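*Asks:* First the structure, which I've put down as structure tokens, then a few questions once you've had a look.
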Amino acid sequence: MADHPSFPAAPHIVRREDYRAPDWLVPDIALDFDLDAAITRVHATLSVTRNGDHDRPLKLDGDGLLPLEIHVDGQPLTPDQWSLDGGRLTIPLPGPAHLVKSFVEISPQSNSKLMGLYASGGLLCTQCEAEGFRRITFFPDRPDVLSRYSVRLAADKALYPVLLANGDPVEQGDLPDGRHWARWNDPYPKPCYLFALVAGDLACNADRFVTASGREVQLGIWVKEADLPRTAHAMQALKNSMAWDERVYGREYDLDVFNIVAVADFNFGAMENKGLNIFNSRYILADPETATDIDYDGVEGVVAHEYFHNWSGNRVTCRDWFQLSLKEGFTVFRDQNFSADMGSHAVKRIEDVRILRAAQFQEDSGPLAHPVRPESYMEISNFYTATIYNKGAELIRMMALMLGPERFRAGTDLYFDRHDGEAATCEDFVRAMEEGGEIDLSQFRRWYEQAGTPHVRALLSHDPATQGVTLLLEQSVPPTPGQPEKKPMAIPLRTALFDPESGQHRGDELLMLTEARQSFTFAGWPAAPILSINRGFSAPVIVETNRSQADLAFLSAHDDDPFARYEAMQQLMVNVLVGRIGGQPVDEDAVVAAIRGTAIDPLLDPAFIAEAIRLPSEAYLGDQMAVVDPDAIHAARDALQRRIGAELEPLWRDIHGKTKANAFALSPAAKGARKLRNTALLYLAASGAADGATVAFGQFSEADNMTERQAALATLANGTSAEREAALDIFYNRYRDDALTLDKWFQTQAFAFHPHTVDLVEELGRHKDFTLANPNRVRSLYGAFAGNQWAFHHKSGKGYRLVADCIIALDKLNPQTAARLVPPLGRWKRFDEARAALMRAELQRILAVPGLSKDVTEQASKSLE
Ligand code: ARG
Ligand code: ZN
Numbered sequence: 001m002a003d004h005p006s007f008p009a010a011p012h013i014v015r016r017e018d019y020r021a022p023d024w025l026v027p028d029i030a031l032d033f034d035l036d037a038a039i040t041r042v043h044a045t046l047s048v049t050r051n052g053d054h055d056r057p058l059k060l061d062g063d064g065l066l067p068l069e070i071h072v073d074g075q076p077l078t079p080d081q082w083s084l085d086g087g088r089l090t091i092p093l094p095g096p097a098h099l100v101k102s103f104v105e106i107s108p109q110s111n112s113k114l115m116g117l118y119a120s121g122g123l124l125c126t127q128c129e130a131e132g133f134r135r136i137t138f139f140p141d142r143p144d145v146l147s148r149y150s151v152r153l154a155a156d157k158a159l160y161p162v163l164l165a166n167g168d169p170v171e172q173g174d175l176p177d178g179r180h181w182a183r184w185n186d187p188y189p190k191p192c193y194l195f196a197l198v199a200g201d202l203a204c205n206a207d208r209f210v211t212a213s214g215r216e217v218q219l220g221i222w223v224k225e226a227d228l229p230r231t232a233h234a235m236q237a238l239k240n241s242m243a244w245d246e247r248v249y250g251r252e253y254d255l256d257v258f259n260i261v262a263v264a265d266f267n268f269g270a271m272e273n274k275g276l277n278i279f280n281s282r283y284i285l286a287d288p289e290t291a292t293d294i295d296y297d298g299v300e301g302v303v304a305h306e307y308f309h310n311w312s313g314n315r316v317t318c319r320d321w322f323q324l325s326l327k328e329g330f331t332v333f334r335d336q337n338f339s340a341d342m343g344s345h346a347v348k349r350i351e352d353v354r355i356l357r358a359a360q361f362q363e364d365s366g367p368l369a370h371p372v373r374p375e376s377y378m379e380i381s382n383f384y385t386a387t388i389y390n391k392g393a394e395l396i397r398m399m400a401l402m403l404g405p406e407r408f409r410a411g412t413d414l415y416f417d418r419h420d421g422e423a424a425t426c427e428d429f430v431r432a433m434e435e436g437g438e439i440d441l442s443q444f445r446r447w448y449e450q451a452g453t454p455h456v457r458a459l460l461s462h463d464p465a466t467q468g469v470t471l472l473l474e475q476s477v478p479p480t481p482g483q484p485e486k487k488p489m490a491i492p493l494r495t496a497l498f499d500p501e502s503g504q505h506r507g508d509e510l511l512m513l514t515e516a517r518q519s520f521t522f523a524g525w526p527a528a529p530i531l532s533i534n535r536g537f538s539a540p541v542i543v544e545t546n547r548s549q550a551d552l553a554f555l556s557a558h559d560d561d562p563f564a565r566y567e568a569m570q571q572l573m574v575n576v577l578v579g580r581i582g583g584q585p586v587d588e589d590a591v592v593a594a595i596r597g598t599a600i601d602p603l604l605d606p607a608f609i610a611e612a613i614r615l616p617s618e619a620y621l622g623d624q625m626a627v628v629d630p631d632a633i634h635a636a637r638d639a640l641q642r643r644i645g646a647e648l649e650p651l652w653r654d655i656h657g658k659t660k661a662n663a664f665a666l667s668p669a670a671k672g673a674r675k676l677r678n679t680a681l682l683y684l685a686a687s688g689a690a691d692g693a694t695v696a697f698g699q700f701s702e703a704d705n706m707t708e709r710q711a712a713l714a715t716l717a718n719g720t721s722a723e724r725e726a727a728l729d730i731f732y733n734r735y736r737d738d739a740l741t742l743d744k745w746f747q748t749q750a751f752a753f754h755p756h757t758v759d760l761v762e763e764l765g766r767h768k769d770f771t772l773a774n775p776n777r778v779r780s781l782y783g784a785f786a787g788n789q790w791a792f793h794h795k796s797g798k799g800y801r802l803v804a805d806c807i808i809a810l811d812k813l814n815p816q817t818a819a820r821l822v823p824p825l826g827r828w829k830r831f832d833e834a835r836a837a838l839m840r841a842e843l844q845r846i847l848a849v850p851g852l853s854k855d856v857t858e859q860a861s862k863s864l865e
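Using the UniProt record's numbering, read the sequence shown as starting at 1 and increasing by one per residue.
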């Protein structure tokens, strides 16, 4: 982008307590775009009105913009009538209302940050959340300034035959010189972060949806012509989402058209711009040849997420960016429940908790920990985090659990009705839950204020004399940056006591832990029961119990809550692995027996079995240790995996042979069968059987779908067989021209448990198909690698250096994506001194780079504290 020399201001900290209502409102805006990849001309006409009684000037945000013309009420301003300071345009205005026009030029093709208006694969598109609109035109770029938009687009008709913007299309026509134009109107006032436009040569998968009240909506998914056959799943997901939001929340779509555009270069997953969602193509395109079942589920979940934002985000938006979780936490909760309804509730919950633990628990225990409603930021883009999204969703889930479905729905109805058309706060949401759901959430509000994952110790004791049982619960929230002391949280724990004789419990109770230390008593237990706690993962906490391995084995075979059953199995494995790493005697036979019992249980869903019998990840095992020892963790986990493979080899062979699908289907049953089959292949390959690589290569070659093909490739990539190289070559040659699928080739190698992964990643960084310009490619290689604990934490420190080199190079192009790679280096406190010193040295090297972005500066400097 023609970034005009504006001096980098000293890092400015924005604080929640400093919030003030806007001085000027902008009820209407007309935008006129003369589009061109090299130079786009933007004329903006803002009707501005003074907000309240004050004499402050109009201030409009700008980033890299130079005003070429400014008019107020039709009169051109002279340069002494305005000033530009740190990108911001200041215009003193005398009256209560004025018409302000500005004219700027921007260069989409030079915009490597992918924020604002940019070029991607011949298209022109926008990304404005959080603060990209100020890179397009001068405007009060804050979410509490809501405007009605009228947008005119003009462009070369051959290069850009399709012209899209928010809202409904109103008019279009041809212009001289092979150009054409289109006008779009969005009747719903919206903040500028929801503005969008797209121009390009796009084909459309067109469909329609009739709302509950009988209105017809035209649906369009716009992609490159060649990608049209890969849009069917996204379209089905969209229609399912529209029906689901009507049925579950009573919310209808509100415009005559709903468009989605897929673009190849995108910093995040997707964006909920009003009536014109723009997606990273990886969350739209799917076919059996190139997409795994996980990819299919990702498409469904993200299409739903962005669609649901139309109410939770667009109709009711955020007052300021500290309230980001108001829309993101709630919308994640909504998309999680939608996906559960489309497939399996049990498996979806397990997957979501796995993600929460892998991403959010790590964040919450490190230097970047922050509350769900943060108090301050340097760069808001750094706060699109697992805490805001996933922990935020858990907060909504806890409220929904405490209220029950009817009262929760009363609360959301009140929230939507009361705040429709407004910019609201997290507090507004909680108050709607309190009033609509008739509950007191005073203490619960601490979940928004206090960072850190609460720890709960649960000690069950039994007195045979009185036949009484006491459950003693103790909670503590660890200190986090800026929050040394914590108050007790309100923690809802779904609990059941199992009778070991009958294998049954006497009912599931919701216990509210509100004190630091609290006891619950239960009568009438002649024999000691077995504790099932935090069932369904009712609260996002770490629970420690005094349950024996025998208790866990019992629950892993009998608990009727699928999450608790999975959890018991995982804890059984964790105890054995952590014990083994610590040199303690452990009973691995119990793990083998539990896995066997689960794997052959005919009543269980194969998808559940596959989740339950997989060993906990290396990173999760690291979280259980005072000092993470990546080599010892890898060795112990690998040894246990080989033992499970070898001892149950016939079982793995049997499952692998038996679950072979005949023809590809996307049903939950077919997906579950593939998941279990791939797990069996993993164990079979680990068993040491002479034909392990042959079987994997056979699956790789014969698969009629990417789920099995990629799993086979990943299994081979962990080893050193000749088949490994052969499969990687075949895969590369087959998909070299398909960027999304080639990403898998990079990612599989970066994730591999291979002794030379760190060197392979270095080589792949120099591969001719590697580019820093495409965020998906960067994440496939360096993002995946930084999540491979054993490889990234190679004791040489080479892994740290590779990632730091990437951050430094990428920061010059795309600071937001560069900043996302910093957190893995910031976890140095969790490692031994030698590794910690190497990690800190890389953070210091990054911080020493002149002209470093504030995105990376914030993450790296906080990571050193
Ligand atoms: N609101 C988008 C979503 O649905 C994400 C936007 C990300 N923007 C950013 N600056 N990180 O989740
Ligand atoms: Zn979102």
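Every residue, glycine too, gets a C-beta built ideally from N, C-alpha and C.
Just so it is clear, the structure is predicted and the values come from calculations on it, not from any experiment.
Going by DSSP in three states, Trp-222 sits in which element: helix, strand or coil?
*Replies:* Position 222 of the sequence shown, counted from the first residue, corresponds to residue 222. In the structure shown, Trp-222 sits in a strand (DSSP, three-state: E or B).
*Asks:* Check whether the Cβ of Tyr-118 lies closer than 7 Å to any heavy atom of the ligand ARG, and answer yes or no.
*Replies:* For the purposes of this step, residue 118 is taken as residue 118 along the sequence shown, with counting starting at 1. Not so, every heavy atom of the ligand ARG lies at least 7 Å from the Cβ.
*Asks:* Please return the same chain residues whose Cβ sits closer than 7 Å to the Cβ of Arg-445, not counting the five positions on each side in sequence.
*Replies:* Sequence index remark: in the sequence shown, residue 445 carries index 445 (1-based). Counting only Cβ-Cβ distances below 7 Å, and skipping sequence neighbours, we find Val-430.
*Asks:* Compute every distance between the C-beta of Gly-269 and the non-hydrogen atoms of the ligand ARG, then say whether any falls below 7 Å.
*Replies:* As a first step, residue 269 is located in the sequence shown; it is residue number 269 there, counting from the start. Yes; taking the cut-off as 7 Å, the Cβ of Gly-269 has a heavy atom of the ligand ARG nearer than that.
*Asks:* Looking only at C-alpha atoms, which of Ala-646, Phe-133, Gly-503 and Val-100 sits nearest to Leu-114?
*Replies:* Taking the first residue of the sequence shown as position 1, residue 114 is located at position 114. Ranking Ala-646, Phe-133, Gly-503 and Val-100 by Cα distance to Leu-114 puts Phe-133 first.
*Asks:* Since Leu-276 and Leu-164 are thought to touch, with beta carbons under 8 Å apart, how far apart are those beta carbons, to the nearest angstrom?
*Replies:* Walking along the sequence shown from the start, residue 276 turns up at place 276. Walking along the sequence shown from the start, residue 164 turns up at place 164. Confirmed, Cβ separation roughly 6 Å.
*Asks:* Which complete beta strand (DSSP E) runs does the segment 242-274 hold, if anything under 3 residues is left out?
*Replies:* 257-263
*Asks:* Return helix, strand or coil for Pro-79, following the three-state DSSP convention.
*Replies:* Residue mapping note: residue 79 aligns to position 79 of the sequence shown, counting from 1. Here Pro-79 sits in helix by DSSP.
*Asks:* Give the range of the alpha helix (DSSP H) segment to which Met-512 is assigned.
*Replies:* In the sequence shown, the residue the question calls residue 512 occupies position 512. Segment 509-513 is the beta strand (DSSP E) holding Met-512; no alpha helix (DSSP H) there.
*Asks:* Rounded to the nearest angstrom, what separates Arg-779 and Leu-810 at their Cα positions?
*Replies:* Numbered from its first residue, the sequence shown carries residue 779 at position 779. Numbered from its first residue, the sequence shown carries residue 810 at position 810. Using only the alpha carbons, I get a separation of about 12 Å.
*Asks:* Measuring CB to CB, does Val-26 end up less than 8 Å from Pro-140?
*Replies:* The residue you call residue 26 lines up with position 26 of the sequence shown. The residue you call residue 140 lines up with position 140 of the sequence shown. Against a cut-off of 8 Å, the Cβ pair of Pro-140 and Val-26 comes out as a contact.
*Asks:* Hey, quick one: how far does the alpha helix (DSSP H) through Gly-411 stretch, first residue to last?
*Replies:* Residue numbering aside, residue 411 sits at position 411 when the sequence shown is read from its first letter. For Gly-411, the enclosing alpha helix (DSSP H) has its first and last residue at 405-419.
*Asks:* Grab me the residues of Ile-70's own chain with a C-beta within less than 6 Å of its C-beta, minus the 5 sequence neighbours each way, in chain order.
*Replies:* As a position in the sequence shown, residue 70 is number 70, starting the count at 1. Leu-77, Trp-82 and Ser-102, listed in sequence order.
*Asks:* Note the first and the last residue of the continuous beta strand (DSSP E) segment covering Ser-147.
*Replies:* On the sequence shown, position 147 is the one that residue 147 refers to. Note, Ser-147: beta strand (DSSP E), 147-156.
*Asks:* Within 10 Å of its beta-carbon, does Gln-570 have 16 or more other beta-carbons around it, so buried, or fewer, so exposed?
*Replies:* Position 570 of the sequence shown holds residue 570. The residue is buried, with at least 16 neighbouring Cβ atoms inside 10 Å.
*Asks:* With a threshold of 16 other CB atoms inside 10 Å of the CB of Met-1, please say whether the residue is buried or exposed.
*Replies:* Taking the first residue of the sequence shown as 1, we reach residue 1 at position 1. Because Met-1 carries a pLDDT of 40, less than 50, the predicted location of this residue cannot be relied on, and the following value inherits that uncertainty. Classification for Met-1: buried.
*Asks:* Measure the Cβ-Cβ separation of Asp-832 and Val-627 and say whether it is below 8 Å.
*Replies:* Numbered from 1 along the sequence shown, position 832 holds the residue referred to as residue 832. Numbered from 1 along the sequence shown, position 627 holds the residue referred to as residue 627. Yes, Cβ-Cβ distance for Asp-832 and Val-627 is below 8 Å.
*Asks:* Tell me whether His-370, by its Cβ, gets closer than 7 Å to a heavy atom of the ligand ARG.
*Replies:* Counting from one through the sequence shown, the residue named residue 370 turns up at place 370. For the ligand ARG, not one heavy atom lies less than 7 Å from the Cβ of His-370.
*Asks:* Taking a contact to mean a Cβ-Cβ separation below 8 Å, would you say Asp-265 touches His-305 in this structure?
*Replies:* On the sequence shown, residue 265 is found 265 positions in, with the first residue counted as 1. On the sequence shown, residue 305 is found 305 positions in, with the first residue counted as 1. Result no, Cβ atoms of Asp-265 and His-305 do not sit closer than 8 Å.
*Asks:* Can you tell me whether DSSP reads Leu-847 as helix, strand or coil?
*Replies:* Taking the sequence shown and counting its residues from 1, one reaches residue 847 at position 847. The three-state reading of DSSP puts Leu-847 in helix, counting H, G and I together.
*Asks:* What do you reckon, is the C-beta of Glu-394 under 7 Å from a heavy atom of the ligand ZN?
*Replies:* Indexing the sequence shown from 1 puts residue 394 at position 394. No, the Cβ of Glu-394 stays beyond 7 Å of every heavy atom of the ligand ZN.
*Asks:* Regarding Glu-272 and the ligand ZN, is the C-beta to nearest heavy atom distance less than 7 Å?
*Replies:* Mapped onto the sequence shown, residue 272 falls at position 272. Yes - the ligand ZN has a heavy atom lying nearer than 7 Å to the Cβ of Glu-272.
*Asks:* Tell me Ala-203's beta-bridge partners as DSSP assigns them.
*Replies:* Taking the first residue of the sequence shown as position 1, residue 203 is located at position 203. BP columns for Ala-203 point to Val-223.
*Asks:* Alpha carbons only, please: which of Arg-830, Phe-792 and Gly-765 is nearest the one belonging to residue 866?
*Replies:* The structure shown has nothing for residue 866, since the chain only spans 1 to 865.
*Asks:* Enumerate, from N- to C-terminal direction, the unbroken beta strand (DSSP E) stretches of 3 or more residues contained entirely within the segment 731-806.
*Replies:* As far as the segment 731-806 is concerned, it has no whole beta strand (DSSP E) run of at least 3 residues.
*Asks:* Can you find at least 3 beta carbon pairs, one from the segment 346-356 and one from the segment 151-162, that sit closer than 8 Å?
*Replies:* Segments in contact, no.
*Asks:* Can you find a heavy atom of the ligand ARG that lies under 7 Å from the Cβ of Glu-300?
*Replies:* Within the sequence shown, residue 300 is the residue found at index 300, counting from 1. False, no ligand heavy atom lies under 7 Å from that Cβ.
*Asks:* Do Ala-539 and Leu-555 have their C-beta atoms closer together than 8 Å?
*Replies:* Numbered from 1 along the sequence shown, position 539 holds the residue referred to as residue 539. Numbered from 1 along the sequence shown, position 555 holds the residue referred to as residue 555. Going by C-beta atoms, Ala-539 is not nearer than 8 Å to Leu-555.
*Asks:* Whose C-alpha, out of Arg-230, Ser-112, Asp-186 and Val-198, is nearest the C-alpha of Asn-205?
*Replies:* Walking along the sequence shown from the start, residue 205 turns up at place 205. The shortest C-alpha separation from Asn-205 is found at Arg-230.
*Asks:* Which residues in the same chain as Glu-474 place their Cβ atom closer than 6 Å to its Cβ, once the five residues preceding and following it in sequence are excluded?
*Replies:* For this step, residue 474 is matched to residue 474 along the sequence shown. Around Glu-474: Arg-457 and Arg-517.
*Asks:* If you follow the alpha helix (DSSP H) that Asp-333 is part of, which residue opens it and which one closes it?
*Replies:* Your numbering for residue 333 matches position 333 in the sequence shown. Note on residue identity: the sequence assigns Phe, not Asp, to residue 333. 324-342 is the extent of the alpha helix (DSSP H) around Phe-333.
*Asks:* Rounded to the nearest angstrom, how far is the Cβ of Trp-689 from that of Gly-719, given a contact under 8 Å?
*Replies:* For the purposes of this step, residue 689 is taken as residue 689 along the sequence shown, with counting starting at 1. For the purposes of this step, residue 719 is taken as residue 719 along the sequence shown, with counting starting at 1. The sequence given here places Ala at residue 689; Trp does not occur at that position. No, Ala-689 and Gly-719 are not in contact; Cβ-Cβ is about 12 Å, not under 8 Å.
*Asks:* With distances taken Cα to Cα, identify the nearest neighbour of Asn-776 among Ser-120, Lys-486 and Gly-214.
*Replies:* Against the sequence shown, residue 776 aligns to sequence position 776. Measuring from the Cα of Asn-776, the nearest candidate turns out to be Ser-120.
*Asks:* Look at the alpha carbon of Ala-594 and the alpha carbon of Gln-624, and state the distance between them as a whole number of angstroms.
*Replies:* For the purposes of this step, residue 594 is identified with residue 594 of the sequence shown, where counting begins at 1. For the purposes of this step, residue 624 is identified with residue 624 of the sequence shown, where counting begins at 1. Approximately 21 Å, taken between the alpha carbons.
*Asks:* Considering only residues of the same chain and omitting the five flanking positions on each side of Asp-34, which have a CB-CB separation below 6 Å?
*Replies:* Translated into positions along the sequence shown, residue 34 becomes position 34. Excluding positions up to five away in sequence, the list reads Arg-41 and Ala-154.
*Asks:* For Leu-93, decide whether its Cβ has a neighbour in chain D, counting only Cβ atoms nearer than 8 Å.
*Replies:* Of the protein chains in this structure there is only one, and it is not chain D.
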